[in-house]
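Chains as they are written, first to last, in the working numbering: chain A, 1 to 357; chain B, 1001 to 1357. By construction, the Cβ of each residue, glycine as well, lies at the ideal position given by its N, Cα and C atoms. Here's the structure we're looking at; comments come further down.
Protein chains: 2
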Amino acid sequence: MNVATPAEAGLRRFSLAIDAMGGDHAPESVLDGLVLAAERHPRAQFLLVGDEARLTPLLAARPAAARVCAIRHAPDAIPGDMKPTAALRQGRNSSMRLAIDAVAQGEAAGVVSAGNTGALMALAKIVVKTMPEIGRPALAAIAPSARGDVVMLDLGANVQCDARNLVEFAIMGDAFARAVLGLPGPSIGLMNVGSEELKGDDRVRQAAEVLRAPSTALNFHGFIEGHDIAAGTVDVVVMDGFTGNVALKTGEGALKLMRDMLRQVFTSSIPARMGYLLARPALDRLREWMDPRRYNGAILLGLNGVVVKSHGGTDATGFAHAVDVAMDMVTHGFIQQIRDSLSRLATPGPSVTAPQD
Amino acid sequence: MNVATPAEAGLRRFSLAIDAMGGDHAPESVLDGLVLAAERHPRAQFLLVGDEARLTPLLAARPAAARVCAIRHAPDAIPGDMKPTAALRQGRNSSMRLAIDAVAQGEAAGVVSAGNTGALMALAKIVVKTMPEIGRPALAAIAPSARGDVVMLDLGANVQCDARNLVEFAIMGDAFARAVLGLPGPSIGLMNVGSEELKGDDRVRQAAEVLRAPSTALNFHGFIEGHDIAAGTVDVVVMDGFTGNVALKTGEGALKLMRDMLRQVFTSSIPARMGYLLARPALDRLREWMDPRRYNGAILLGLNGVVVKSHGGTDATGFAHAVDVAMDMVTHGFIQQIRDSLSRLATPGPSVTAPQD
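Next up, the structure:
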């Protein structure tokens, strides 16, 4: 099952395939999300994959979504707790699988699902396949910082990485930041322990050497440390998947702790409650700015198609943001951008030899 | 230069040796910190190492500190930007080195310095030496969480770790939490990427197997993820030094971002300013609870003595907290606790063979 380019196949009729049955509140939350997406992307066409009998009346009740959606029947759905291996064997007629198949067959440029993360990653890798130029796909996400949005990757697709993997993550992160954040030359930081006395490891230093070479044409900032994520020192934060997964969740945990403490502060006394009411407009802006729904969407980069995982528990607003991310990648030539960058790496210049693992 | 136990040497006259010349505001901030420490530890005796001519009048002006301090002259001080290798060669008469020497010679049970981190770590490892039972020392710190203070280690002393190192970190973290947080059976979590679909790496799984064995007598919680740090899911968070360094700084960065955003919120309008004034007592308690000075002190665990690094830029309050941590370790038999735990590991039961690196 190879990916045909649209020109070759003449097949591509859909911007995105949507797994209508994935997520805690599917299919309603998915369809409500598509109402919002239809407003923002009026010329898009979505292939809505799921239980036709359930979807038809729901879609009829949402004319704005109906205008941009076509239903494809899928008799099954992959449960949230199914192991990836089981999903591969038993999920052939599932909404997730048929949506992914549509990407592999060139019918759609990408897929969005709020379903089982492990199943989506496994199915996407096997069905859509990794780009021939890329060693390993990476999981990316967008996070807030003091100086605008920041792309973080890898967030756990690769627990062990070598220097070559890190270089590829930088290239994919660069292409992603161009497509989704609209930055012409995003700055790239490579995560390290940084301070002089605590030496970074060899693979990080080796990756930095390659990224510094002018031939890569990347805006490589150099090494960064953990606090640089929230400070917004760079636009793209490159890490191995173990570190990235821990860093993302540690940062989220710290922000949640702070939100919980503030809630306690503002309910601790009558004057504090009044204080909250007075500061409320500004506090609401802060809350909105940090709204996790604005940052919904984990993106599997490096496949022959766009694959976006929406958080399973999100609502229509969150799902629409995940669709936004996928649409930005589709319309801004994300995959071609990666190919161009990788071809520059292949030209004479420093290369990563003897990768370690 | 071996470490004599006090009973053997009959030498130990000091609770702690203090590097009087290390830190941005030394020696004044150090001496002011000792005034506070003298109140909290009235029976302690500190060996104050530094420039005698400068220290004598400063100490005379602080009678509370003078009562618990003896000065030892050191003609040199190690600059903040000196490389560890240079500190080893050229720092033989420095305040830091002579303070560390006092620990190695059994004159003091521990040392506190706000000086050059890399130099302190290198000198301590070489002069005080690693405990024979421990493969590699680890850097630990205390952080706030929703459920009380949490011990994090390793924070960067070991960029690459094998399973055996992680097991030793767990044992050292257990002993540290008992001594400094006063917990009788601290729960230990091993950092992983956690979710089913994203498999953790082998060394983490191998370490977990050992830690689960009843013979270790540890309260091992199992795997945790990044968000568990701030949630306070466990009392001790065990990680390799690369991950730990990034996690610590990422969490600090997220909290700093939130503090900066709140400052903006409360200065954004007249009503917001008034709201701040009304909620101020509760906000001040929150600020106090998160005060970085309360968490000052990075501790190098696994040496034949207590070695605490105070933040270079801290004030008297912060330095006194670092002294508190060192005093807790000295008075609660921290090093004996590690020895006892390690001896249990050596008894029949699962062991870590073929460590990977």
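Residue environment, L1139 (chain B), which counts as buried when at least 16 other CB atoms sit within 10 Å: buried
Verify whether the separation of the beta carbon atoms of A1272 (chain B) and P292 (chain A) is less than 9 Å. no
Establish whether the CB of R285 (chain A) and some CB of chain B are separated by less than 9 Å. Chain B contact via Cβ: present.
Could you compute how far the alpha carbon of V1238 (chain B) sits from the alpha carbon of R212 (chain A)? Roughly 33 Å separates the two Cα atoms.
Any beta carbon of chain A sitting closer than 9 Å to that of D1019 (chain B)? no
When you compare only the Cα positions, how much space is there between T85 (chain A) and G312 (chain A)? 20 Å
Local Cβ density within 10 Å of G1182 (chain B), reported as buried at 16 or more and exposed below that: exposed
Ranges of the alpha helix (DSSP H) found wholly within the stretch 217-294 of chain A, counting only runs of at least 4: Fully contained in the stretch 217-294 of chain A are the following alpha helix (DSSP H) runs of length 4 or more, in chain order: 227-231, 241-266, 270-290.
C-alpha distance - V308 (chain A) paired with P184 (chain A), whole-angstrom precision: For V308 (chain A) and P184 (chain A), the distance between alpha carbons rounds to 22 Å.
Endpoints, the alpha helix (DSSP H) within which G173 (chain A) is located: Looking at the DSSP string, the run of the alpha helix (DSSP H) that includes G173 (chain A) is 163-176.
Kindly indicate which three-state DSSP category A37 (chain A) falls into: helix, strand or coil? helix
Determine the chain B residues that contact Q160 (chain A) at a beta-carbon separation under 8 Å, and present them in chain order. D1201
In this structure, how does DSSP classify I1338 (chain B) when only helix, strand and coil are distinguished? helix
Mind checking whether K256 (chain A) and A1230 (chain B) have CB atoms under 9 Å apart? yes
Distance, Cα to Cα, Q942 (chain B) vs R1089 (chain B)? Summary: the structure shown does not reach residue 942 (chain B), with chain B confined to residues 1001 through 1357, and so no result is reported for it.
Cα separation between A141 (chain A) and M1121 (chain B)? 36 Å
Consider the Cβ of R1043 (chain B): report whether some Cβ of chain A lies at a distance smaller than 9 Å. no
Run down chain A in chain order and give the residues with a C-beta less than 8 Å from the C-beta of H1227 (chain B). Neighbours of H1227 (chain B) across chain A, judged by C-beta separation under 8 Å: K249, T250, E252, G253, K256.
Contact set between A1146 (chain B) and chain A, taken where Cβ atoms lie within less than 7 Å: L257, D260
What residues from chain A crowd round V1193 (chain B), counting only those whose CB sits closer than 8 Å? G156, V159, G241, F242, N245, V246
Nearest to A1038 (chain B) by CA position, among B:A1064, B:R1054, B:R1013, is which residue? B:A1064
What whole-angstrom Cβ distance do V159 (chain A) and D1201 (chain B) have, given they're in contact under 8 Å? 5 Å
In three-state terms, what does DSSP make of S94 (chain A)? Strand.
Members of the stretch 286-317 of chain A near chain B, C-beta cut-off 7 Å: Residues of the stretch 286-317 of chain A that bring their beta carbon within less than 7 Å of a beta carbon in chain B comprise L286, in sequence order.
Thinking C-alpha only, which one of B:L1303, B:R1072, B:V1180, B:R1054 is nearest R1168 (chain B)? Just to set this straight, residue 1168 (chain B) is Glu in the shown sequence, not Arg. For the residues B:L1303, B:R1072, B:V1180, B:R1054, the minimum Cα distance to E1168 (chain B) belongs to B:L1303.
Pop quiz: L98 (chain A) and V49 (chain A) are said to be a contact at Cβ under 8 Å. What is the actual Cβ separation, rounded to whole angstroms? 5 Å
Across the stretch 1103-1121 of chain B and the stretch 1235-1252 of chain B, are there enough close Cβ pairs to call them in contact, namely three or more that are closer than 8 Å? no
Give me, in chain order, the residues of the same chain whose beta-carbon lies closer than 6 Å to that of E197 (chain A); leave out the 5 immediate sequence neighbours on both sides. In this prediction, E197 (chain A) scores a pLDDT of 45, lower than 50, which makes its location untrustworthy; no coordinate-derived value is stated.
Closest to E288 (chain A) by CA distance: which of B:A1017, B:W1289, B:V1265, B:H1221 is it? B:V1265
Less than 7 Å between C-beta atoms, sequence neighbours within five positions excluded: which residues of the same chain meet that for M191 (chain A)? Shown here for M191 (chain A): same chain residues with a beta carbon closer than 7 Å to its own, the five before and five after excluded, namely I224, V237, V238, M239, T243 in chain order.
Any beta carbon from chain A within less than 9 Å of S1268 (chain B)'s own beta carbon? Cβ-Cβ to chain A under 9 Å: yes for S1268 (chain B).
Same chain, Cβ closer than 6 Å to L1241 (chain B), neighbours up to 5 away in sequence not counted: The residue you asked about is not Leu; residue 1241 (chain B) is Gly in the sequence shown. Hits under 6 Å: D1154, G1156, A1157, N1158, V1159.
Does I1071 (chain B) come out as helix, strand or coil in the three-state DSSP assignment? strand
Out of curiosity, what's the CA-to-CA distance linking I1071 (chain B) and A1320 (chain B)? 18 Å
Within a Cβ cutoff of 8 Å, which residues of the same chain sit near V1330 (chain B), ignoring the five residues on either side of it in sequence? S1015, L1016, A1109, G1110, V1306
Over what stretch of residues does the beta strand (DSSP E) that includes L190 (chain A) continue unbroken? 187-191
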